[in-house]
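What follows is a single structure, written as structure tokens, with notes after it.
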Amino acid sequence: MPPQRATLLQVAQRAGVSRSTASFVLAGRHVDMRISEDARQRVLRAAQELDYRPNLMARSLRTKVTKTIALVSDTLASDPYAGRAIHGALAAAVAHGHLLFIGETEGESMIEEKLISDFLDRQVDAFVYASMFTRYVRVPKLLKGRPVVLLNCLTRAAKPAHHSIIPDEVGAGWSAAKVVIEAGHREGIHLVGNLAHHVFAARERLAGIREGFGAAGIKLAGNIDCEWWPDSAYEAVSAALAQGPRPKVLICLNDRVALGAYQALREAGLSIPGDVSVLSFDDSDLAAWLRPQLTSISLPHYQLGWQAVETLLDAAGRDEPEVRRVPMPVRFRASMGQP
1 MPPQRATLLQ VAQRAGVSRS TASFVLAGRH VDMRISEDAR QRVLRAAQEL
51 DYRPNLMARS LRTKVTKTIA LVSDTLASDP YAGRAIHGAL AAAVAHGHLL
101 FIGETEGESM IEEKLISDFL DRQVDAFVYA SMFTRYVRVP KLLKGRPVVL
151 LNCLTRAAKP AHHSIIPDEV GAGWSAAKVV IEAGHREGIH LVGNLAHHVF
201 AARERLAGIR EGFGAAGIKL AGNIDCEWWP DSAYEAVSAA LAQGPRPKVL
251 ICLNDRVALG AYQALREAGL SIPGDVSVLS FDDSDLAAWL RPQLTSISLP
301 HYQLGWQAVE TLLDAAGRDE PEVRRVPMPV RFRASMGQP
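Next up, the structure:
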């Protein structure tokens, strides 16, 4: 049998104070209840000696506050890279004295409904509703009227009901253009990847890239269309190199595309960055594994998770709901060179 927990009454008896005095001290209300410093110290010492821990279940029934948050995602938690958002959310929850429950739906509406219902049955205080990829979502009806922050997703509502925390993909596109321009390139700049309008990241990154180059009077030389995977990128870049003219810069829409581009360039006998410079997005582990190491614009997963919980729990969470964009820093490595 587990050892019996010390009670508040036992703490009060050892400290030589009333039960209510011990309760006020342990709740941090010794100042407004005018409890002497001597009595406070005796209570704290008694609690430590008895290894007293408050009954959180009883407290939650009394206060209707459980200090718990539920993070509900599609596949975010099971992805080793995007899972950094979970780490950020956990760290922020701990910093605020909260527990974070994590549930994954795999995109199934029935699982999602059951999961949220279970969390509500456990009196979870607030929710982070998260997505693996930045996209538009419909917030589940079960969450209506609840404290909710959207992580890596947003709604199409003209006046949003919840804060949305997303990466600043447009700013990332601007950063990509700036890196290329500051390296001295003004021509032969190609995008690599499918620019499907329905993909949020593709649309926003392209908008930022075009705005950045447009401000400098530079035009993209073209787009090498491929899926966002290495094999498709390898085939597309190989075909583009065979047709000519040779590009001078490849801006890949993610690191997997960059891997395929690296393979095609090497097979064509071209060096990186001596013959062709390569820049990418996401800054996954792959970027540091490639040789030469890949300059990539980082998806700030940890910061996204942290800010989602901070927004949910801080006074800022009571501001008018808005879309908040988290900056995407450039990770400079060896794949960018001068013309």
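Just so we're aligned: the sequence shown equals residues 1 to 339 in my numbering.
Glycine included, each C-beta is placed from N, C-alpha and C at the ideal position.
For this session: Over the uninterrupted alpha helix (DSSP H) stretch that includes M110, give me the two end residues.
Result: Taking the first residue of the sequence shown as position 1, residue 110 is located at position 110. First-last of the alpha helix (DSSP H) with M110: 109-121.
For this session: Counting only the same chain and skipping the five closest in sequence on each side, list residues whose C-beta sits under 6 angstroms from that of A92.
Result: As a working mapping, residue 92 is identified with position 92 in the sequence shown. W306, V309, E310.
For this session: Please classify D255: is it buried, with 16 or more other beta-carbons within 10 angstroms of its beta-carbon, or exposed?
Result: The residue you call residue 255 lines up with position 255 of the sequence shown. Looking at its Cβ environment, which holds 16 or more other Cβ atoms inside 10 Å, D255 is buried.
Exercise. Counting along the chain, where does the alpha helix (DSSP H) carrying T21 start and finish?
Worked result: Your numbering for residue 21 matches position 21 in the sequence shown. Annotation for T21: the continuous alpha helix (DSSP H) segment containing it runs 19-26.
Problem set entry | Expected contact under 8 angstroms - CB spacing of I116 and P140 to nearest Å | For the purposes of this step, residue 116 is taken as residue 116 along the sequence shown, with counting starting at 1. For the purposes of this step, residue 140 is taken as residue 140 along the sequence shown, with counting starting at 1. The C-beta distance from I116 to P140 rounds to 6 angstroms, short enough to fall under 8 angstroms.
Exercise. Which residues share a DSSP beta bridge with R331?
Worked result: The sequence position of residue 331 within the sequence shown is 331, counting from 1. Per DSSP, S296.
For this session: Output yes or no for whether 8 angstroms exceeds the beta carbon distance between V179 and M336.
Result: Within the sequence shown, residue 179 is the residue found at index 179, counting from 1. Within the sequence shown, residue 336 is the residue found at index 336, counting from 1. For V179 and M336, yes; Cβs fall inside 8 angstroms.
For this session: Pick out the complete alpha helix (DSSP H) segments inside the stretch 235-280, 4 residues or longer, and give them in chain order.
Result: Runs of the alpha helix (DSSP H) lying entirely within the stretch 235-280, each at least 4 residues long, are 255-267 in chain order.
Problem set entry | Cα-Cα separation between F200 and I297, rounded to whole angstroms | Numbered from its first residue, the sequence shown carries residue 200 at position 200. Numbered from its first residue, the sequence shown carries residue 297 at position 297. Spanning the two alpha carbons is a distance of roughly 16 angstroms.
Problem set entry | T325 - partner residues in DSSP beta bridges | For the purposes of this step, residue 325 is identified with residue 325 of the sequence shown, where counting begins at 1. The residue asked about is misnamed: residue 325 is Arg in this sequence, not Thr. Beta-bridge partners of R325 (DSSP): I166.
Exercise. Exposed or buried, A172, counting other C-beta atoms within 10 Å across all chains shown (16 or more means buried)?
Worked result: As a working mapping, residue 172 is identified with position 172 in the sequence shown. Sixteen is the threshold: when 16 or more other Cβ atoms of the shown chains lie within 10 Å of the Cβ of A172, as they do, the residue is buried.
Problem set entry | Neighbourhood of A240 by C-beta distance below 6 angstroms, restricted to the same chain and skipping five residues each side | Here residue 240 corresponds to residue number 240 of the sequence shown, with the count starting at 1. Same-chain partners within the cutoff: I224.
Exercise. Three or more C-beta pairs closer than 8 angstroms, one from the stretch 123-133 and one from the stretch 260-273: is that the case here?
Worked result: No, they do not touch.
Problem set entry | Per DSSP, cross-strand counterpart(s) of S232 | The count along the sequence shown starts at 1 and reaches residue 232 at position 232. None; S232 has no bridge partner.
Exercise. With a Cβ-Cβ cutoff of 8 angstroms, do R331 and T295 count as a contact?
Worked result: Taking the first residue of the sequence shown as position 1, residue 331 is located at position 331. Taking the first residue of the sequence shown as position 1, residue 295 is located at position 295. Against a cut-off of 8 angstroms, the Cβ pair of T295 and R331 comes out as a contact.
Exercise. Comparing alpha-carbon positions, which option in I69, T155, T105, V43 lies nearest L99?
Worked result: Sequence index remark: in the sequence shown, residue 99 carries index 99 (1-based). If we check each option's Cα against that of L99, I69 comes out closest.
Exercise. Going along the chain, which residues of its own chain have a beta-carbon closer than 6 angstroms to the beta-carbon of A39, five neighbours each way excluded?
Worked result: Translated into positions along the sequence shown, residue 39 becomes position 39. Within the same chain, A39 has close Cβ partners V17.
For this session: Rounded to whole angstroms, what's the CA-CA distance from N152 to Q48? Just pull it up for me.
Result: If you number the sequence shown from 1, residue 152 lands on position 152. If you number the sequence shown from 1, residue 48 lands on position 48. In this structure, the CA atom of N152 is about 42 angstroms from the CA atom of Q48.
For this session: Answer with buried or exposed for W174, where buried requires no fewer than 16 other C-beta atoms within 10 angstroms of its C-beta.
Result: What you label residue 174 is simply residue 174 of the sequence shown in a count that begins at 1. So W174 counts as buried.
For this session: Check the DSSP bridge columns for I189 and list the partner residues they point to.
Result: As a working mapping, residue 189 is identified with position 189 in the sequence shown. In the DSSP assignment, I189 is bridged to V249.
Exercise. To the nearest angstrom, how far is it from the Cα of R45 to the Cα of A15?
Worked result: By 1-based counting over the sequence shown, the position of residue 45 is 45. By 1-based counting over the sequence shown, the position of residue 15 is 15. For R45 and A15, the distance between alpha carbons rounds to 8 angstroms.
Exercise. Quick one, which of L150, G188, L142, F213 has its alpha-carbon nearest V170's?
Worked result: Residue numbering aside, residue 170 sits at position 170 when the sequence shown is read from its first letter. Of the candidates L150, G188, L142, F213, the one whose C-alpha sits nearest the C-alpha of V170 is F213.
Problem set entry | G208 burial status per 10 Å Cβ neighbour count (16 or more: buried) | For the purposes of this step, residue 208 is taken as the residue at position 208 of the sequence shown. G208 should be labelled buried.
For this session: Name the residue from L143, Q10, P273, H198 whose alpha carbon lies nearest to the alpha carbon of D121.
Result: Here residue 121 is taken as the residue at index 121 of the sequence shown, counted from 1. Closest by alpha carbon: L143.
Exercise. Using the C-alpha atoms, what's the distance from H301 back to A220?
Worked result: Looking up residue 220 in the sequence shown gives position 220. Looking up residue 301 in the sequence shown gives position 301. First, the amino acid is wrong: residue 220 is Leu here, not Ala. About 29 angstroms.
For this session: Under the assumption that V192 contacts V237 (Cβ atoms under 8 angstroms), give the Cβ distance between them as a whole number of angstroms.
Result: Here residue 192 refers to the residue found at position 192 of the sequence shown. Here residue 237 refers to the residue found at position 237 of the sequence shown. Indeed they touch by this definition, with Cβ atoms about 6 angstroms apart.
Exercise. So what does C153 bridge to, in DSSP terms?
Worked result: Locating residue 153 in the sequence shown gives position 153, counting from the first residue. Bridge partners of C153: R135.
Exercise. Can S23 and L8 be called in contact, C-beta distance under 8 angstroms?
Worked result: Working through the sequence shown from its first residue, we reach residue 23 at position 23. Working through the sequence shown from its first residue, we reach residue 8 at position 8. Less than 8 angstroms divides the Cβ of S23 from the Cβ of L8.
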